[in-house]
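Chemist:
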Amino acid sequence: MTIGDFEGNTKSDKVYEYLKERILTGAYNPGDRLVIREVSRQLGVSDIPVREAIKKLASDGLLELKSHSGARIAPLNIKNLEEIFTIRVELETLATRLAVDAATSEELDLLESHVQSMDESIQNNDIPTYTASNRQFHQLLYRASHAPILVEMIENLFMRSENSKMIFHHDPARLRASNEEHRAVVEALRSKDREKAVSVIRAQKESGFKIVIDALKLSRSLLGG
Numbered sequence: 001m002t003i004g005d006f007e008g009n010t011k012s013d014k015v016y017e018y019l020k021e022r023i024l025t026g027a028y029n030p031g032d033r034l035v036i037r038e039v040s041r042q043l044g045v046s047d048i049p050v051r052e053a054i055k056k057l058a059s060d061g062l063l064e065l066k067s068h069s070g071a072r073i074a075p076l077n078i079k080n081l082e083e084i085f086t087i088r089v090e091l092e093t094l095a096t097r098l099a100v101d102a103a104t105s106e107e108l109d110l111l112e113s114h115v116q117s118m119d120e121s122i123q124n125n126d127i128p129t130y131t132a133s134n135r136q137f138h139q140l141l142y143r144a145s146h147a148p149i150l151v152e153m154i155e156n157l158f159m160r161s162e163n164s165k166m167i168f169h170h171d172p173a174r175l176r177a178s179n180e181e182h183r184a185v186v187e188a189l190r191s192k193d194r195e196k197a198v199s200v201i202r203a204q205k206e207s208g209f210k211i212v213i214d215a216l217k218l219s220r221s222l223l224g225g
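At position 208 of the sequence shown the residue is numbered 208 (the UniProt record's numbering), and the sequence of numbers has no breaks.
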């Protein structure tokens, strides 16, 4: 995958999207250094768009900038993540509630296509594609609320927490169960069943976030942290 595969009006935008994707999919580990010259050479661009992208990633909370060591992948702070996840549950539940009345038929069809894509990814044991489709499903679901300020808040918190999932392995059985929950949400949206859509999303988020936090705590204890 190259930066040409990513949307953006400028080289800086494309570098930003490329690095963000690699951070969120676990290509980098917390604490890893990002050396501007190495990234520039790898992507075939000058240092300027890389510097601009790194500044933006730092403002998103995905990178730390330190004068003596440059850019590093932001470390995982369990206490902060617990707070972010608590807020995300409420905001994402609210967005789903609003989407029941606001989602268009085109948005519902697209949500369904993401569910089908995730089914295929599970069958092919293609975790990266599943992860991308899952992210697109939830982004579209919340945008279907047609509440732009709420969506902006959710996406900001997503950026600040999603790289936490890099530390655990995906269980195919859990992925199948999760996708059945996605299917149930789409069916609830089509039938205007607000309480069903909200209860499924809340349960999925609470369960998923607990798995992440428990895995982080276990990893920390094994490392003696």
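In this text, a Cβ means the ideal position worked out from N, Cα and C, and glycines have one as well.
#1: When you compare only the Cα positions, how much space is there between residue 232 and V151?
#2: Express the C-alpha separation of R174 and L91 in angstroms, rounding to a whole number.
#3: Taking only the alpha-carbon atoms, compute the straight-line gap between Y16 and V186 and give it to the nearest angstrom.
#4: Using the rule of at least 16 other Cβ atoms within 10 Å of the residue's Cβ for burial, across every protein chain shown, is L218 buried or exposed?
#5: For the stretch 169-221, which segments carrying the alpha helix (DSSP H) assignment without a break, of at least 4 residues, lie completely within its bounds, in sequence order?
#6: Can you list, in chain order, the residues of its chain with a C-beta nearer than 8 Å to that of I122? Leave out the 5 residues immediately preceding and following it.
#7: May I have a chain-ordered list of the alpha helix (DSSP H) segments no shorter than 4 residues that lie completely inside the stretch 39-86?
#8: Who are the near neighbours of A103 in its chain, counting only those whose CB is closer than 7 Å to its CB and skipping five residues on each side?
#9: What are the partner residues of R33, as DSSP defines its beta bridges?
#10: Quick test of your reading: V35 and G70, contact by CB under 8 Å. State the CB separation rounded to the nearest angstrom.
#11: Please classify Q116: is it buried, with 16 or more other beta-carbons within 10 angstroms of its beta-carbon, or exposed?
#12: Measure the C-alpha to C-alpha separation of R97 and V198 and round it to an integer number of angstroms.
#13: My assumption, with CB atoms under 8 Å, is that A99 sits in contact with L141. Please give the rounded CB distance.
#14: Going by C-alpha distance, which of A95, S12, P148 and R22 is nearest residue 229?
#15: Just to confirm before moving on: does the CB-CB distance between L81 and L216 stay below 9 Å?
Modeler: To lay it out plainly:
#1: No statement about residue 232 is possible, as the shown extent of the chain runs from 1 to 225 and does not include it.
#2: The count along the sequence shown starts at 1 and reaches residue 91 at position 91. The count along the sequence shown starts at 1 and reaches residue 174 at position 174. Whole-angstrom Cα-Cα distance: 24 Å.
#3: The residue given as residue 16 occupies position 16 in the sequence shown. The residue given as residue 186 occupies position 186 in the sequence shown. C-alpha separation (whole angstroms): 32 Å.
#4: As a position in the sequence shown, residue 218 is number 218, starting the count at 1. Classification of L218: exposed, given that the 10 Å Cβ count is below 16.
#5: Listed in chain order, the complete alpha helix (DSSP H) runs (minimum 4 residues) inside the stretch 169-221 are 172-190.
#6: Along the sequence shown, read from residue 1 onward, the residue named residue 122 stands at position 122. For I122, same chain residues with a beta-carbon under 8 Å away, outside a window of 5 residues either side, are Y130, P172, L175, R176 and N179 in chain order.
#7: Inside the stretch 39-86, DSSP marks whole alpha helix (DSSP H) runs of 4 or more residues at positions 47-59, from first to last along the chain.
#8: On the sequence shown, residue 103 is found 103 positions in, with the first residue counted as 1. Only A144 and L189 meet the Cβ criterion.
#9: As a position in the sequence shown, residue 33 is number 33, starting the count at 1. According to the DSSP secondary-structure assignment, R33 is paired through a beta bridge with R72.
#10: Here the question's residue 35 lines up with position 35 in the sequence shown. Here the question's residue 70 lines up with position 70 in the sequence shown. Right, the Cβ-Cβ distance comes to about 7 Å (below 8 Å), so this counts as a contact.
#11: The residue you call residue 116 lines up with position 116 of the sequence shown. Sixteen is the threshold: since fewer than 16 other Cβ atoms of the shown chains lie within 10 Å of the Cβ of Q116, the residue is exposed.
#12: On the sequence shown, residue 97 is found 97 positions in, with the first residue counted as 1. On the sequence shown, residue 198 is found 198 positions in, with the first residue counted as 1. Rounded to whole angstroms, R97 and V198 show a C-alpha spacing of 6 Å.
#13: Taking the first residue of the sequence shown as 1, we reach residue 99 at position 99. Taking the first residue of the sequence shown as 1, we reach residue 141 at position 141. With 8 Å as the limit, A99 and L141 qualify as a contact, their Cβ atoms being about 6 Å apart.
#14: For residue 229 there is no data in the structure shown, the boundaries of the chain being 1 and 225.
#15: Against the sequence shown, residue 81 aligns to sequence position 81. Against the sequence shown, residue 216 aligns to sequence position 216. Yes. Within cutoff.
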